Each structure stands twice: as structure tokens, then as C-alpha cells.
Amino acid sequence: MLKIKDLTVNIGTKEILKGLNLNVKAGEIHAIMGPNGAGKSTLSHVLSGKSGYEVTGGSVTYNGKDLLEMPAEIRAREGVFLAFQYPVEIAGVTNVYLLKAALNAIRKHKGLSEVDAMDFLTLVKSKTKALDMDEKFLYRAVNEGFSGGEKKRNEILQMAMLEPQMCILDETDSGLDIDALRIVADGVNALRSENRAFIMVTHYQRLLDYIKPDFVHVLADGKIVKSGGAELALELEEKGYGWLEQA
Amino acid sequence: MKTDMSWLNTFRQSDLTHFEQTSFPSQRLEDWRYTNVSAIEKKQFALASQIEKLDDNAKSRLAAFTLNDCYHGIFIDGFFQASLSTLPESITVCSINEAATLHETLLAPVFNQAIESPHGFTHFTNAHFSDGIFVCINENSQLDKPLQIIHFATQEAMSATRHVVILQNNATATLIETFIGVETQTYLTSSVLEIFLRDNADLTLYKVQQDSDKAYHFGGTYVQQADNARFTHHNFALGSVLARSEIISHLETGAQCELNGLYLGANRQHLDNLTRIVHAKPDAVSREYYKGILNNRARGVFQGRIVVDEDAQRTDSQMNNRNLLLSSDAEIDTKPQLEIYADDVKCAHGVTVGQLDEKSIFYLQSRGIDEDHAKHILTFAFANEMVDKITVPSLHDCVFTQLLARFPEGAER
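Line order of the protein sequences matches chains S and P.
The numbering of the first sequence is our numbering, which starts it at 864 and goes up by one.
The numbering of the second sequence is our numbering, which starts it at 26 and goes up by one.
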């Protein structure tokens, strides 16, 4: 589904990613772990099309297409979804309008008609309930005044509504207490399917107790320096990242 | 002119003399430094005349802005249309020309009393007004539905109207001023409204200026608030190529004044908003919140002045002006001013000028929404904060529709 080859990325003149390789197939969950400053957030931003990053080399192929050529909204319509580390607060725009506008943009891209108002409402209410969110959240401004946990749940709600193929979770566990973490993890686990892949970017192993990855990669100094199975995360938890960076 | 309107003619004559001496205001005057009105003089408009009938196009435009849950006072090119109007019967309301004779005892003592700093446009309007509305609501009475005053311009001409509203002690009312014109017509509409709120009276006034995009507009609202009177104003400046709006209110003890505004400029529109709130006596409260959105080469002006007289102890006043510039050629001149002569006061003011937030645009794009649509959503949301304050459903719907036409798909219909 996603092939990242020798990817190098600069912010200004500083090289952040220094030849990153990653291959993600449908149905897989990949965890990307690493110390602060290794380039984890840069990777998720570059994949989702955020501006301010200069790709200086390498390629990213998504379902056979050049992902880096696509504007951010086309990537989203093609099924790439970024769950933000810091979801943005948008005053005056209701959650329900954002969800509907986004869903319709994606449907239009796929050649489908706009979603029926009643069907939409039924769908969004059931997804909201599944994430243990009050329906009132739908009519509040996007993320405005939400707690950290509520914001992250809201990201998962959007993901559940938009049904992307390639989900990128950027530090989704940060700022979550254990109850919120469980709800978010349940939401993600409910979305696991053989047609969908996940990249979970995380500093800590904690999230992986709840969402079991198929692969764990260590990102250090702009490259993947070690890959393994779920057990690698436990090893990192025990030893830290230092032994890998020196290697 | 009828002879029994002589008292009014005396005023007209005096204003005519002033206007002939000074003409429209020059930019040398501090209050007019950001707005050049010389284009109006160059147009050499003739005074509008009464037209026989509206064509279908004009009729449909008028119908589109006539609110269904209100009373109506309709002026076409400045002339009162009794047959098109539906005025409430429970209060004193009629054209100002009628009131000059019928209600001289109410009108003559207050006429011109609320206009604190007259200038070319107030002189012009007083000298040349064709008609206007007179409203007086008795003590302890309430107007059961909003009264919508529609100013509809159809001719390439200038028209002036003059209005007086009196709310006696404990009276309550909602008024709506709607300014429209035949699309693409060039004209000048000039309107002066004086409002007298007696003790504990409560007036909510909406102004929707949706004149044609080639029109010139002047609208002055001058208010006197007696003890504990409440005045709430919602000012929407959406149309015209050059518009000047003035709201000046004078607050006695315990009065409350709330001024909300939204100016929405595009292309080469110039939208000037002057407000002045004078706290003359103690314990009055004022809240002012104006927002501006300027696109293309549009220019906005906000001059907000709060004056706190020596007597006005325990004044509580807040003024806020927020601006969104959507293009690098758009301009805002914002000048909040506090003049405080009392020592025990609480006054705050703030101004912001900014662009749409890049992070918010990207967030929406990352959900599949394209950049233009994302910008419409965010701009609509910025403006909608003011539209949401409208509590008359049909008016809310009308302004919401106008806003949506400017920023398509900015919100759900």
C-alpha cells in the first residue's frame, strides 16, 4: 500500500530525514518509535502533505501513485488520514459540519453522491456513542475547549467516519490518561481490517500495550535503525534508545 | 412644503445654509481622515423623485429583503410608500412629514437634539430629506413584532431620509433598518436617525446595509439613553462602494449600550465605521464588538471612541475590534480611542488584525476539504459570530444567506 524509499527531507537547510525506507502492506500495523528529534513528526507531516518541508530525495508511493505529488486534500480523499498530535481548535466551525463537509468531499472524489442527511446523522451518532463521546460534542466548535483526551477521541471519531485506508497516528497517546487511552485504543482496534493499514508514531511503548503492532521500527537521526516485531518495543522500554543510537 | 411645518422648515433652512457653506466633509477633519467622499460630489446626483411603479426586477429585490415576521415601513428613493407598508396600530408611527403636524408636540422638542457633532452629511440630510419615519412608543408599552424600515433605491439619484424614534419610560421595541437598491444602480442614500430612550426603555436596532455595489451610503444613528435605558445595535455593512456608518450614543446613569458590527468588504469597497459612546453619568455599561473582513482591494475603517466624563464614575466599558485581511492589497485603518476624565472606571479595549490561520487551513485540508473551501469555512465562521447574535429569525436567515453567498459552502444551509 505504502512504499517509502530513501526519503530525505529538509526543514530549511537542516536535514531531518536522511534516507528513510518503509514498506507498509494492507492490514498491517507499524509502530515507529524513537527519541525526541529523530524525525517522527516530520515523517507523519510529510506523508499527510503539510507545507514547510522540502523533500530533497527519495520517493513515496501510495497504491501505486506518487503520494508526494498530491495536495494534502487529495491525499485525504485517496484515503490517507493523519490523527494529529496537537489537533487544531477551530472557533465557529461545528464538528458535525466538518465531518459532513469532509465526508462529502471524499465521496465526491470517489464519484458518489452527497451523503443523505438522515443517514449521516444516524452514522455519526453511532460512531460518537462507540467512542463514549457525548452527542453534544458534535455541535460544539471543532476541538475548542476540549480536554486533551477529548481532542484525541475526536480525531478517532473523524477517522471512523472517513474510513481511510492508511491511518497515521502521530503521538496519539500523548496527554491521555489510562481510561482515555483505552477508549482511543478500542476505537483504533475496531477499525483494524485487512484493507486498512496503520502507522503509529510514538515515543512510549505504553500505547502498544493496547494496540498490538505487527512491526516495530526505531527511527533515530532521520533513519530507521532497527526493525522487529512487537517484542522490540519491550526491549526499547527496558534499555532506552541510547544503545541503538550509538550502534 | 406645507405652511404648518414651519418649525421644521426653520431647521431645514439652517442646515441648508451650513451645507452650502461646507458641502460634504473633507479629509482634513479628524473624523474623516480615512475616507474621501469627493467621488460623491463628482457624480452630481440630482435629488430623487417619486416613481410611479416598480418593475418586476425591482419588485422581486424588494420582496427578497422584506421580512415576513415584522411590520414594515417602506421608502422608495426616500419617499414613504403607505400602500406597501404595514405599520403597527398599537403605537404612534407615521411618516415624519405627517408627524411634523400631527405630533409636533412630541417631535419638535427633540428634533436635532441627539446630533452632537453635525457635519456635511447630517446638514445635507436635514436640508434635503424627502421623508422619514416617526415612531413613539408610550410608557410601559411594547412593540409586539419588530418594525422593519426598508430603504430601497431605484434611481441614479440621491435621496435623504430623516427619522426619529422615541421610547418613553419602560417602553420596549425592536427595529430593523434595511438599505438596498436595484443591483448595479449608482446612487447616494443618506439617512439620519435620532433615537431617544427614556428611563429604563429598551431598544434593539439592527442595520443591514446591502446597497448596490456602485452605491454611496451614509447612515448616522444618534442616541440619547436616559437613566437605565438599554440600547443594543447590530450593524452589518455588506454593500455599497463607499459607505460611512456612524453610531453615537450618550449614556446617562446606569444606561447600557451594546454595539456589535460586521463589515465585509471586497473588490474596491470602502467601509467606514465611526462609533462613539459617551458615558456622561455614573454606572453605565458599554460593550462594543466590531469585526471586519476585507478582501481584494477593499478598505475598512474602524474609529471607535469611548468618552468617560468626569461625572461618570464606575463606568464599565469594553471595546474590541478584530479584523481579517484576506488579501495583501486589503487595508484596515483601526483607531480605538479612550478619553477618560473620571478616576474610578473599568475600561478595556483591544484590536487585532490578522490573516486566516495556516494550521486551521491545513487541518481542514487533511480531512479532504480543498483550500478554497477551507478558507470559506474559516472566514464564514469568523463572520458568523456576529450573525449568530441576531435574534429575529427571518433577519438571521436573510443575513446568513447573504454571508453564504459571499463564502459559498462556508457553513451548512
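Where is the CB? At the ideal position from N, CA and C, for every residue including glycine.
Fair warning: this is a prediction, and the values are worked out from it, not measured in the lab.
If I measure Cβ to Cβ from residue i and keep anything under 6 Å in the same chain, skipping five residues before and after, which residues do I get?
i         : result
Leu218/P  : His188, Thr246
Ile892/S  : Phe1061, Pro1076, Asp1077
Lys27/P   : At Lys27/P the pLDDT is 45, less than 50, meaning the model places this residue with poor confidence and gives no usable figure here.
Lys170/P  : Cys95, Tyr96
Gly1011/S : Gly1038
Trp32/P   : Ala133
His1080/S : Ile895, Ile1087, Ser1090
So residue i and residue j are supposed to be a Cβ contact under 8 Å. How far apart are they, rounded?
i         : j         : result
Ser110/P  : His128/P  : About 17 Å separates the two Cβ atoms, so there is no contact after all.
Leu428/P  : Phe407/P  : That pair is no contact at about 10 Å.
Ala73/P   : Gln180/P  : 5 Å
Ser184/P  : Gly157/P  : That pair is no contact at about 11 Å.
Gly206/P  : Phe49/P   : Incorrect: roughly 20 Å between the Cβ atoms, too far for contact.
Thr186/P  : Phe154/P  : 5 Å
Asn320/P  : Gly290/P  : 7 Å
Ala3/P    : Val248/P  : It is not possible to answer for residue 3/P, since the shown part of chain P is limited to 26 through 438.
Asn873/S  : Ile879/S  : 7 Å
Leu945/S  : Ser911/S  : 4 Å
Ile394/P  : Ala968/S  : 5 Å
Thr211/P  : Lys68/P   : 7 Å
Leu1044/S : Tyr1073/S : 6 Å
Asp297/P  : Ser265/P  : With a Cβ gap of about 11 Å, Asp297/P and Ser265/P do not count as contacting.
Thr203/P  : Phe90/P   : 5 Å
Ser215/P  : Thr126/P  : With 8 Å as the limit, Ser215/P and Thr126/P do not qualify as a contact, their Cβ atoms being about 24 Å apart.
Phe221/P  : Val135/P  : 5 Å
Phe70/P   : Asn137/P  : With 8 Å as the limit, Phe70/P and Asn137/P do not qualify as a contact, their Cβ atoms being about 24 Å apart.
Lys963/S  : Phe983/S  : 6 Å
Ile1046/S : Leu961/S  : Not really, about 21 Å apart at Cβ, beyond 8 Å.
Quick one: is residue i buried, meaning 16 or more other Cβ sit within 10 Å of its Cβ, or exposed?
i         : result
Lys306/P  : buried
Glu313/P  : buried
Ile1041/S : exposed
Leu1097/S : exposed
Lys371/P  : exposed
Gln294/P  : buried
Asp236/P  : buried
Pro113/P  : buried
Gly1091/S : exposed
Ser391/P  : buried
Met981/S  : exposed
Tyr366/P  : exposed
Gly915/S  : exposed
Lys913/S  : buried
Lys992/S  : exposed
Glu957/S  : The displayed chain sequence assigns Thr, not Glu, to residue 957/S. Looking at its Cβ environment, which holds 16 or more other Cβ atoms inside 10 Å, Thr957/S is buried.
Can you name, in chain order, every residue of its own chain whose Cβ lies under 8 Å from the Cβ of residue i, other than the five neighbours on each side?
i         : result
Ile386/P  : Glu396, Ala399, Lys400, Leu403
Asn1058/S : Ala889, Gly890, Gln1028
Ser904/S  : Gln948, Asp1033, Glu1034, Val1064
Asp56/P   : Pro50, Ser142, His144, Leu299, Gln328
Ser1056/S : Gly890
Val959/S  : Val987, Leu1001, Tyr1002
Leu1/P    : Because chain P here runs from 26 to 438, residue 1/P falls outside it and cannot be looked at.
Using a Cβ-based criterion (distance less than 7 Å to any ligand heavy atom), does residue i qualify as near the ligand NAD?
i        : result
Thr203/P : This structure simply doesn't include the ligand NAD, nor any ligand for that matter.
Whose C-beta lies closer than 7 Å to the C-beta of residue i among residues of the same chain, with five residues either side of it excluded?
i        : result
Pro433/P : His401
Asn346/P : Tyr315, Phe327, Gly329, Thr359, Pro361, Val376
Gly902/S : Ile879, Leu880, Leu1082, Gly1085
Tyr288/P : Ala262, Leu296, Asn298, Gly317, Gly325
Ser39/P  : none
Ser907/S : Leu945, Ile1031, Asp1033, Val1064
Compute the distance between the beta-carbons of residue i and residue j, then report whether it is under 8 Å.
i         : j         : result
Ser166/P  : Ile101/P  : no
Gln193/P  : Ile162/P  : yes
Ala251/P  : Gln234/P  : no
Asp1049/S : Leu1070/S : no
Ile1031/S : Val1051/S : no
Ile65/P   : Leu213/P  : yes
Asn348/P  : Ala323/P  : no
Gly921/S  : Leu865/S  : no
Q. If we count Cβ pairs, one from each stretch, closer than 8 Å, do we get three or more for the stretch 251–261 of chain P versus the stretch 275–284 of chain P?
A. yes
Q) Are the stretch 994–1008 of chain S and the stretch 944–952 of chain S touching by the rule of at least three beta carbon pairs closer than 8 Å? A) yes
Q.
For the pair the stretch 293–302 of chain P and the stretch 271–280 of chain P, tell me if three or more CB-CB distances fall below 8 Å.
A. yes
Q) On the three-pair Cβ rule with 8 Å, is the stretch 1024–1039 of chain S touching the stretch 970–978 of chain S? A) no
Q: Flag this pair as touching only if the stretch 309–321 of chain P and the stretch 335–350 of chain P have three or more C-beta atom pairs under 8 Å; answer yes or no.
A: yes
Q. Does the stretch 991–999 of chain S come within contact of the stretch 922–937 of chain S, defined as at least 3 CB pairs closer than 8 Å?
A. no
Q) Is it true that the stretch 1087–1106 of chain S meets the stretch 896–911 of chain S, where meeting means three or more beta-carbon pairs spaced less than 8 Å apart? A) yes
Q. Counting Cβ pairs closer than 8 Å, one from the stretch 220–228 of chain P and one from the stretch 189–201 of chain P, do we hit at least three?
A. yes
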